[in-house]
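Numbering (this note's numbering), first residue to last: 3 to 118.
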């Protein structure tokens, strides 16, 4: 399974704001995918207090990181930064539905690698 190199994980608030400002997103039942052009493939994960207390937010981000390793790293176009925002239903939604939604979101945003 592909890994998420630390150099490609967005950690600073300004990086998250740059991606949000580009205003290219797709909303699904379990998460929101935001994308913006960048120098390489950068990934960021966030969960607000609407998801729940700290334990639930951490669990939601773990699910999103697993999803990113399985779908975003191998299938998303390089040269873009991606931010995954957890929604409350990410905790109860079956993983296969999240995977399907991620592939659909990439396709709708024209960011699925090998598709032009």
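Note that CB positions come from ideal geometry on N, CA and C, so glycine has one too. Since this is a predicted model, take the numbers as computed values, not measurements.
Between residue 87 and residue 66, what straight-line distance do the alpha-carbon atoms span, to the nearest angstrom? Inter-residue distance for residue 87 and residue 66 is about 8 Å (C-alpha atoms, whole angstroms).
Cβ of residue 1 within 7 Å of Cβ of residue 19? This structure leaves residue 1 out entirely; the chain is present only between 3 and 118.
Please report the Cβ distance between residue 32 and residue 91, rounded to the nearest whole angstrom; I am assuming they are in contact, meaning their Cβ atoms lie under 8 Å. For residue 32 against residue 91, the beta-carbon gap comes to about 5 Å, under 8 Å, which counts as contact.
How is residue 34 classed by DSSP in three states: helix, strand or coil? Residue state, collapsed to three classes: strand.
Start and end of the alpha helix (DSSP H) containing residue 29? Counting along the chain, residue 29 falls outside any alpha helix (DSSP H), though it belongs to the beta strand (DSSP E) covering 27–29.
Alpha carbon to alpha carbon, how far is residue 95 from residue 70? Those two C-alpha atoms are separated by around 16 Å.
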